[in-house]
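The opening position of the sequence shown corresponds to residue 191 in the working numbering, with each subsequent residue numbered one higher. The C-beta atom is built at its ideal place from N, Cα and C for all residues, glycine as well. Values in this document were obtained by computation on a predicted structure and should not be read as measured data.
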Amino acid sequence: MRLFTAAQMREADRLTIAAGTSGRELMERAGAAVAEAVRRMGGGPVAVMCGPGNNGGDGFVAARLLAGHGTAVTVHLLGERQRLTGDAALAAADWTGPVHGASGGVRDCALIVDALFGTGLTRALDGEAAAVVEAINRSGLPVLAVDMPSGVDSDTGEVCGVAVRAARTVTFAGAKAGHFLLPGRTLRGQLHVVDIGIPGSVVAGLDSRLAVNGPETWQHALPSLEEDSHKYRRGHALVLSGPMTRTGAARLAARAALRVGSGLVTLGSPRSAVLVNAAHLTAIMLRPCDGAAELREILEDPRFSVVALGPGYGVGEATREAIRVAGASGRGLVLDADALTSFEGDLAGLASALGGAPAVLTPHGGEFERLTRGADGTRGVSKVERARAAAAHSGAVLVLKGADTVIAASDGRAAINAHASPYLATAGSGDVLTGLVAGLMAQGMPPYEAACAGVWLHGDAGLRLGPGLIAEDLPEIMPAALRGLADKP
Ligand SMILES: NC(=O)C1=CN([C@@H]2O[C@H](COP(=O)(O)OP(=O)(O)OC[C@H]3O[C@@H](n4cnc5c(N)ncnc54)[C@H](O)[C@@H]3O)[C@@H](O)[C@H]2O)[C@H](O)CC1
Ligand SMILES: [K+]
């Protein structure tokens, strides 16, 4: 599912109106969709809270249509009626019932329609607007939000001051980034996208390269297996282990790479840790590897297709040098944790170490902040734009992890992942993700698609396992996750 910004929706509106459908007609269909959703939620009595812009206009239309069908409706307006303009003023004029103030509170209703603010929110809610939103939330009544829960920024998902908590949201023409980025995702309830007559060609023509992460965008690139395949044709991932007391992370990543289908996986281990690693490995091979010079020798073997580096590896110049060597080899790279922290405040240094190699970086929020300190465009904007900027600066694919993981490529493609479970917030979970992405890249999947698929499969594993999951379980559930994916139409 593609996602849109407020500016793109305004553009879609403009093009549709230019093609002959009036804004008032669009508003009429938007209001009709809201009225229909109210009926599906059980009907009235309903309080419709209208704001000063077109979101409020949608509310007036819904109120008129509901009342016309016999539903008990009260309308409340935030602001003065005579200050309404354009289509909202026309919609308000068509409402013949009384209009109450918004601050008096709602009485004797079973459902609230939140038509205060939509994509036109420009600043934090305060004063009367904030008080009305707080009163709606305090009422404990189910809320149907029109387009966005009021107070949620439709581009960033952020709460601007305060925001409505909705049970459902009806949105028009296409979903917005703020419906999938946190905390917007948790405030919008169930999301319904309705067609209000904006032509498909207009929507298709919008320059949105943002989507919800899902198989439809990367399934075509998943590794396929020939009947007569051979393990040497399924890729070979090299995962680098940390020293003696920090080996578990790399073994988790290696196991995940093997489970996701890499034909061979080798763990490169410092000699000090070879015995502890050997004691825990069976199908995964082991090679001593102490530092960058030895890594260079290992990578002379052309069969290694991908190097995963970072979990437990240690922070410092030795790590930076290992990344330079791996980057210069042109192999696919997956960098996490210590690999990223080794370039604290030096995204440009990391970009030059990568040397244009196909790479995926998988920072969580804290690692991202450290890595991108001082880099343009990586502060103060939406999580999507921050990830995109870091991808553009580094030339790598960025996986900015969290409950709303964002994957971004340097060419502007981006996806927000919503297929995940909070139970994935557990020690070692990120190491498994590193291995999944590496294992997919080892089999020839391009970095952006491998990152999206890895994040999705990781989330799928979390959803399958639920409470009690630990990181060790995640690779083991991959056969079921992969089979489920293969069965998808
Ligand atoms: N194509 C579509 O999707 C259609 C959408 N419709 C609806 O229109 C709104 C967007 O309408 P717009 O008038 O641009 O913005 P809003 O109604 O969200 O709000 C603008 C209004 O609010 C004032 N304002 C902004 N921020 C604040 C604040 N923090 N505090 C107080 N006041 C604020 C601003 O000055 C304006 O007066 C979209 O969401 C849909 O619901 C169309 O009806 C159909 C086509
Ligand atoms: K709203």
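*If you follow the alpha helix (DSSP H) that P637 is part of, which residue opens it and which one closes it?*
On the sequence shown, residue 637 is found 447 positions in, with the first residue counted as 1. First-last of the alpha helix (DSSP H) with P637: 637-655.
*asked:* Using only the alpha-carbon positions, how far apart do E666 and V627 sit?
replied: Counting from one through the sequence shown, the residue named residue 666 turns up at place 476. Counting from one through the sequence shown, the residue named residue 627 turns up at place 437. Roughly 16 Å between the two C-alpha positions.
*asked:* Nearer than 6 Å: is that true of the beta carbon of S344 relative to any heavy atom of ligand 2?
replied: Here residue 344 corresponds to residue number 154 of the sequence shown, with the count starting at 1. Not one heavy atom of ligand 2 sits closer than 6 Å to the Cβ of S344.
*Grab me the residues of D248's own chain with a C-beta within less than 8 Å of its C-beta, minus the 5 sequence neighbours each way, in chain order.*
As a working mapping, residue 248 is identified with position 58 in the sequence shown. Excluding residues up to 5 positions away in sequence, M217, A220, G221, V224, A281, A305, G308, V336, D337 lie with their Cβ nearer than 8 Å to the Cβ of D248 in the same chain.
_Rounded to whole angstroms, what is the Cα-Cα separation between L372 and L659?_
Locating residue 372 in the sequence shown gives position 182, counting from the first residue. Locating residue 659 in the sequence shown gives position 469, counting from the first residue. In a straight line, the C-alpha of L372 is about 23 Å away from that of L659.
*Going by DSSP, name the residue or residues bridged to Q380.*
For the purposes of this step, residue 380 is identified with residue 190 of the sequence shown, where counting begins at 1. Paired residues: R358.
*Closer than 7 Å by C-beta to G656: which residues in its own chain qualify, once you throw out the five before and the five after it? Chain order, please.*
If you number the sequence shown from 1, residue 656 lands on position 466. Contacts found: S611, Y613.
*In chain order, what residues of the same chain lie with their CB nearer than 6 Å to the CB of M475, ignoring the 5 residues before and after it?*
Within the sequence shown, the letter at position 285 stands for residue 475. These residues qualify, in order along the chain: T456.
*Any residues whose CB sits closer than 5 Å to a heavy atom of ligand 1? List them in chain order?*
Per the Cβ criterion, the list is M199, D203, L216, M217, A220, P242, G243, N244, N245, D248, F307, G308, T309, G310, L311, T312, R313, L315, A319, D337, F362.
_So A604 and R399 are supposed to be a Cβ contact under 8 Å. How far apart are they, rounded?_
Indexing the sequence shown from 1 puts residue 604 at position 414. Indexing the sequence shown from 1 puts residue 399 at position 209. For A604 against R399, the beta-carbon gap comes to about 6 Å, under 8 Å, which counts as contact.
*Which partner residues does K366 have in the DSSP bridge list?*
As a working note, residue 366 is residue 176 in the sequence shown. Bridge partners of K366: F194.
*List the DSSP bridge partners of G522.*
Here residue 522 corresponds to residue number 332 of the sequence shown, with the count starting at 1. BP columns for G522 point to V496.
*For D491, name the three-state secondary structure that DSSP assigns.*
Along the sequence shown, read from residue 1 onward, the residue named residue 491 stands at position 301. In the displayed model, D491 falls within coil according to three-state DSSP, outside both helix and strand.
*Report buried or exposed for V322, applying the criterion of at least 16 other Cβ atoms within 10 angstroms of its Cβ.*
Walking along the sequence shown from the start, residue 322 turns up at place 132. Classification for V322: buried.
*Would you mind listing the beta strand (DSSP E) stretches within the stretch 214-274 that are 3+ residues and don't spill past its ends, in chain order?*
For the stretch 214-274, whole beta strand (DSSP E) runs of length 3 or above, ordered along the chain, are 236-240, 263-267.
*Please report the residue range of the beta strand (DSSP E) in which D337 lies.*
Reading the sequence shown from its first residue, position 147 is the one you call residue 337. Careful: D337 lies outside any beta strand (DSSP E) and carries neither H nor E.
*What number of angstroms, rounded off, separates the C-alpha of T261 from the C-alpha of E557?*
Taking the first residue of the sequence shown as 1, we reach residue 261 at position 71. Taking the first residue of the sequence shown as 1, we reach residue 557 at position 367. T261 and E557: Cα-Cα distance of roughly 53 Å.
_Pairs of beta-carbons, one from the stretch 426-446 and one from the stretch 455-472, closer than 8 Å: are there three or more?_
Judged by Cβ distances under 8 Å, the stretch 426-446 makes contact with the stretch 455-472, as three or more pairs qualify.
*Between which two residues does the alpha helix (DSSP H) harbouring L306 extend?*
Looking up residue 306 in the sequence shown gives position 116. Going by DSSP, L306 is part of no alpha helix (DSSP H) at all; its letter is neither H nor E.
_Per DSSP, what are the beta-bridge partners of H290 in this structure?_
Counted from its first residue, the sequence shown places residue 290 at position 100. BP columns for H290 point to H266.
*Keeping to the same chain, check which residues put their C-beta closer than 6 Å to that of A447; ignore five residues upstream and five downstream.*
As a position in the sequence shown, residue 447 is number 257, starting the count at 1. Close CB contacts of A447 within its chain, under the 6 Å cut and outside five residues either way in sequence, are with A427, V455, G625, A628, G629 (chain order).
*Beta carbon proximity, Q272 to chain D, threshold 7 Å*: Note that chain D does not occur in the displayed structure, where there is just one protein chain.
*How long is the line joining the alpha carbons of H382 and A538, rounded to whole angstroms?*
The count along the sequence shown starts at 1 and reaches residue 382 at position 192. The count along the sequence shown starts at 1 and reaches residue 538 at position 348. Linking H382 to A538 through their CA atoms gives a straight-line distance of about 42 Å.
*List the endpoints of the continuous alpha helix (DSSP H) containing R399.*
Along the sequence shown, read from residue 1 onward, the residue named residue 399 stands at position 209. Segment: none, R399 is in no alpha helix (DSSP H) and carries neither H nor E.
*Residue range of the alpha helix (DSSP H) that includes R632*: The sequence position of residue 632 within the sequence shown is 442, counting from 1. For the sequence presented, residue 632 should be read as Ala rather than Arg. First-last of the alpha helix (DSSP H) with A632: 619-632.
*Run the CB neighbour count on A209, radius 10 Å, all protein chains shown included, and call it buried at 16 or more, exposed below.*
Locating residue 209 in the sequence shown gives position 19, counting from the first residue. Around the beta-carbon of A209, fewer than 16 other beta-carbon atoms lie within 10 Å, marking it exposed.
_Between which residues of its own chain and P332 is the CB-CB distance below 7 Å, once the five residues before and five after are set aside?_
Here the question's residue 332 lines up with position 142 in the sequence shown. Short of 7 Å from the beta carbon of P332, and not among the five residues preceding or following it, lie these beta carbons of its own chain, in chain order: M231, L301, A357.
*If you run the structure through DSSP and keep just helix, strand and coil, what is I474?*
For the purposes of this step, residue 474 is identified with residue 284 of the sequence shown, where counting begins at 1. Collapsing the DSSP output to three states places I474 in coil.
*Keeping to the same chain, check which residues put their C-beta closer than 6 Å to that of G374; ignore five residues upstream and five downstream.*
The count along the sequence shown starts at 1 and reaches residue 374 at position 184. Once the five neighbours on either side are set aside, the close Cβ partners of G374 are V342, G347, G368.
_Exposure label - P680; buried when at least 16 CB within 10 Å_ = This structure gives no information on residue 680, because the portion of the chain shown stretches from 191 to 679.
*Starting from A320, follow the alpha helix (DSSP H) in both directions and report where the run begins and ends.*
Within the sequence shown, numbered from 1, the residue matching residue 320 stands at position 130. Note, A320: alpha helix (DSSP H), 317-329.
*For L485, count neighbouring Cβ atoms within 10 angstroms of its own Cβ and tell me buried if that reaches 16, exposed if not.*
Translated into the one-based positions of the sequence shown, residue 485 becomes position 295. With 16 or more other Cβ atoms within 10 Å, it is buried.
*asked:* Using C-beta distances below 6 Å, list every residue in its chain close to A547, excluding the 5 sequence neighbours before and after it, in chain order.
replied: Your numbering for residue 547 matches position 357 in the sequence shown. The residues G517, G520, L523, in chain order, have a CB closer than 6 Å to that of A547 in the same chain once the five nearest residues on each side in sequence are set aside.
*Can you check DSSP and say which residues form a bridge with R458?*
Taking the first residue of the sequence shown as position 1, residue 458 is located at position 268. Just to set this straight, residue 458 is Gly in the shown sequence, not Arg. When DSSP reads this structure, G458 sits in a beta bridge with L430, R477.
*Please report how far the alpha carbon of V402 lies from the alpha carbon of G364, in whole angstroms.*
In the sequence shown, the residue the question calls residue 402 occupies position 212. In the sequence shown, the residue the question calls residue 364 occupies position 174. Their Cα atoms are separated by approximately 12 Å.
*Return the CA-CA distance between A580 and E318, expressed in angstroms with no decimal places.*
Position 390 of the sequence shown, counted from the first residue, corresponds to residue 580. Position 128 of the sequence shown, counted from the first residue, corresponds to residue 318. The straight-line gap from Cα to Cα measures roughly 39 Å.
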